[in-house]
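Data block below; observations after.
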Amino acid sequence: MRSAHLFCAALSWPLLAARVLAVPPPLPVEHLTVERLPPRSPHWVYVYDYAFDNETDARVYLFDGDSYRRLGQIGAGFYASINLSPDGGTTAVASTYFARGSRGARTDVVEFTDNSTLAVTHEILLPAKRALSVSSLFNLAYSDDAHFLYAAYMTPAASFGVLDPAAGTTLGEIDTAGCVEVIPSGHYRVSSLCESGRLLTITLDAQGHETARAMSEPFFDADQDPVFAQGIPTNRGNVFLSFLGEVHDIDFSGAQPTFAAPWSLVSPAEKGHWRPGANQVGAVHRELGRLYVPMHEGGEGTHKDGGTEIWVYDLTSHRRLARWPLKGYGLSRVTAVQVSQDPAPILFAATETSDLAIFDALTGRLRHITKRVAQSPWMLLNP
Amino acid sequence: MRTIDQLFERSTRSLAQRTSRRSLLASVGQLLTGAVLLPLLPIDRAGVARAAQTKPRANGPEDCQYWKYCAIDGFLCSCCGGTSSSCPPGTTPSPISWIGTCHNAADGRDYIVSYNDCCGKSTCGTCDCVRNEGEKPIYRPSRNNDLNWCMANADVNYHCTVSVILGVAEK
Amino acid sequence: MTATPAGRAVRRAGMPWSWCTLAAGVAGLACLGGVLTPAAYADEKSGSPEGAAAFQSNCALCHGPAGAGVPALAPAITDYPARYAATSEGRRQLAMTVLYGMFGEITVGDAHFNGQMPDLSRLDDATLAAILNFVVFDLAHAPADVKPLTAAEIAAERAHTVDGAAVRAHRKSLAIAGP
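Heads up: the protein sequence lines correspond to chains A, B and C, in order.
Using the numbering used here, read the first sequence as starting at 226 and increasing by one per residue.
Using the numbering used here, read the second sequence as starting at 155 and increasing by one per residue.
Using the numbering used here, read the third sequence as starting at 248 and increasing by one per residue.
Following this line, the structure appears as structure tokens:
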């Protein structure tokens with residue numbers, strides 16, 4: 226039997242050797258690193274996740290509109306107000322935190338995140354009176370040169386804080402007589418929307434103190450056809466859409482705000498029937514002067530219903546350029562839109578079921594749908 | 155339970171009334187059992203248990219289409235341990251609120267409804283409901299449902315929203 | 248349910264008080280450092296520290312720390328309350344308003360409001376009377392011949408419940424001329 230053993234052993238050695246030769250070398254040891262963001266792309270979008278089911282844990286996801294990948298996350302606390310610095314290099318998040326998570330001592334704070342590393346660099350403590358509302362681009366806003374950061378307060382009496390983001394300090398607080406929001410409206414000017422239909426504009430000096438204030442004439446009727454509080458920045462100012470589809474284009478580039486005659490998104494036959502509606506109700510490509518609006522069919526009380534179509538307009542000619550129905554794509558209604566500001570723009574559209582659709586913003590061709598991009602993607606930002 | 159609901163939903167007083175639903179049931183309970191009452195409401199819990207086993211009554215207080223919810227935004231306290239006009243245990247009502255004008259088809263009247271928030275705990279997370287009849291943007295805060303109306307409470311965390319009849323709307 | 252207004256007006260008997268606040272309505276000054284008219288004049292009454300504190304905790308968040316009001320939110324209470332306190336039906340109006348709130352369209356001066364004032368019935372009679380006296384004397388500067396409101400007057404109105412629409416209707420019936 227010994228010879229049989231020797232024979233089997235002799236037979237198996239080559240097989241064993243062959244196996245050893247065919248197995249690749251072991252994998253190299255890995256080194257744990259922190260991923261660095263690639264160079265900033267104009268097709269990035271910051272997706273604000275309001276996290277409706279657990280509001281104390283809102284966050285912002287950085288999403289790449291070309292690779293359709295999530296690049297990172299910024300924490301956002303409770304009822305956050307969010308904006309990007311004019312150069313796009315910083316995300317400012319004004320939020321509220323409780324010492325015991327869901328309860329306990331309250332801290333209101335603005336946190337600054339470096340958008341090249343997604344690391345928090347510093348914070349400014351605020352008085353405990355931030356405006357706690359579903360967010361818009363005008364609850365927290367930078368001045369045009371980033372010298373000031375304005376933070377809306379509401380107790381429910383309305384005012385705003387003037388902050389120095391570089392020094393990390395609060396400079397003061399300005400009462401706004403019931404008018405709401407902080408809309409940057411020129412060099413060291415801040416405007417607020419009033420229930421009377423007027424725009425309040427406050428001028429500050431370089432130290433952040435008020436030097437003048439002025440009320441415009443009424444430009445909308447809050448009873449007949451209110452404007453959505455969230456305006457959309459344009460090259461010269463802001464566009465405000467009304468519930469019935471009127472477009473109020475305000476130019477902030479002069480000594481005081483000037484109001485173009487309103488024009489309508491809808492024909493007389495469509496008015497009252499087709500309406501804008503969403504959490505974030507429009508986007509503007511500033512260089513091309515194009516306005517993108519989620520539109521739906523509905524009556525009074527549907528101003529927050531998302532869009533079944535995206536309608537596209539030229540802001541100069543007021544012409545409707547396109548209607549993009551969404552039905553064929555299996556998308557639910559669109560509740561937030563944003564457009565990239567580059568010459569080959571893409572349109573981001575977040576839906577009521579939390580998907581993110583990406584369209585070619587010039588042709589309307591659907592490029593991609595990311596399912597469930599966040600829990601409650603109700604606002605989209607890019608610089 | 156429905157009778158008691160109706161009794162208190164028709165009330166034009168606010169949440170903080172002396173003869174609360176809880177105390178009424180407590181009195182009834184004491185009469186029935188003669189025992190010291192626990193903080194729990196035996197009748198209430200049985201009702202809640204029954205509701206959990208069967209589907210919520212269509213267009214009832216656990217349904218977003220309930221007539222009183224015409225301008226509500228948030229989570230229905232009816233699903234969270236409260237009712238359409240009472241806060242769940244351990245939460246605190248907001249003293250300030252927004253209002254809506256809702257039509258009650260059952261009696262053909264329009265009512266002014268106060269939407270107070272119940273505060274001090276994280277979101278209830280069930281029965282979310284957003285309706286916007288007559289709702290206005292935040293420059294008209296009394297009609298706006300985007301604001302956290304817990305804002306003036308000691309603890310501003312938002313849990314759920316109730317709907318309290320203030321009275322009949324003037325024509 | 249404490250609000251935290253930017254300035255806290257803490258009233259000490261006989262001492263002037265100053266604040267850096269959300270100041271009066273449309274005039275809106277960024278920071279008003281100064282002295283409110285001290286109420287220790289011989290011919291003027293004033294509210295109590297308890298009334299002032301209760302006002303700041305419960306009322307200032309809408310009416311402002313000096314009662315100047317906020318457009319579209321809450322009217323100024325620096326005028327009408329003094330007029331109401333001078334008549335018996337007006338005093339009932341004050342008590343009814345804090346007990347039962349009010350809703351529906353009202354005009355105060357040339358400002359219109361159509362929201363709701365919440366009721367404060369959770370506060371006891373003494374506290375409500377103290378709040379009203381702070382409003383009537385410290386904010387609206389009622390003259391010395393006006394009697395302070397009492398807890399008993401609050402209790403009398405608490406005894407018969409009305410709703411916010413009835414409070415508004417009663418206000419209308421008073422026909423007190425505004426400014």
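Where is the CB? At the ideal position from N, CA and C, for every residue including glycine.
As the structure is a computational prediction, the values presented were derived from the model and not from experiment.
A straight-line Cα-Cα distance of about 52 Å links Y273(A) and L421(C). Here C278(B) carries a coil assignment [DSSP, helix/strand/coil].
Distance from the CA of S565(A) to the CA of G386(A), rounded to the nearest whole angstrom, comes to 30 Å.
The shortest C-alpha to C-alpha distance from A260(B) to any of C234(B), N286(B), Y220(B) and D309(B) is the one to Y220(B). Judged by DSSP in its simplified three-state form, E534(A) adopts strand. S296(B) belongs to the set of residues whose beta carbon lies under 8 Å from a beta carbon in chain C.
Just measuring C-alpha positions, the residue of L540(A), D539(A) and E534(A) sitting nearest L551(A) is E534(A). Residue burial annotation: C304(B) is buried, with at least 16 other C-beta atoms found within 10 angstroms of its C-beta. For Y269(B), the enclosing beta strand (DSSP E) stretches over residues R263 to C273. Listed as beta-bridge partners of Q563(A) by DSSP are F573(A). In the DSSP assignment, no residue is bridged to H417(C).
T394(A) is outside the set of residues whose beta carbon lies under 8 Å from a beta carbon in chain C.
Close CB contacts of A353(A) within its chain, under the 6 Å cut and outside five residues either way in sequence, are with R331 and D333 (chain order).
Partner residues in the beta bridge of H359(C), as assigned by DSSP, are T354(C). One Cα belongs to F277(A), the other to L375(C), and the distance between them is close to 38 Å. In the displayed model, F465(A) falls within a strand according to three-state DSSP. When 8 Å is used as the limit between beta carbons, G321(B) is near these residues of chain C: F350, D410, G411, A412 and A413, in chain order. A direct Cα-to-Cα measurement between E352(C) and N361(C) gives close to 4 Å.
G302(A) carries a strand assignment under DSSP once its states are collapsed to helix, strand and coil.
The shortest C-alpha to C-alpha distance from D309(B) to any of R414(A), R328(A), L351(A) and R544(A) is the one to R328(A). In the structure shown, V310(B) adopts coil according to DSSP, grouped into three states. Taken through DSSP and simplified to helix, strand or coil, I307(A) comes out as strand. Fully enclosed beta strand (DSSP E) runs of no fewer than 3 residues occupy 353-355 and 358-360 of the stretch 322-398 of chain C, in order along the chain. The beta-carbon distance between I583(A) and G290(A), rounded to whole angstroms, is 5 Å. This is short enough to meet the 8 Å contact definition.
When DSSP reads this structure, M440(A) sits in a beta bridge with L425(A). At a cut-off of 8 Å, the C-beta of G288(B) has a neighbouring C-beta in chain A. R325(A) carries a coil assignment under DSSP once its states are collapsed to helix, strand and coil. Around E435(A), the same chain offers I399, I427, T428 and L429 as residues with beta carbons nearer than 8 Å, after the five sequence neighbours per side are excluded. DSSP places S341(A) in no beta strand (DSSP E); its state is neither H nor E. At least one CB atom of chain C sits nearer than 8 Å to the CB of G403(A).
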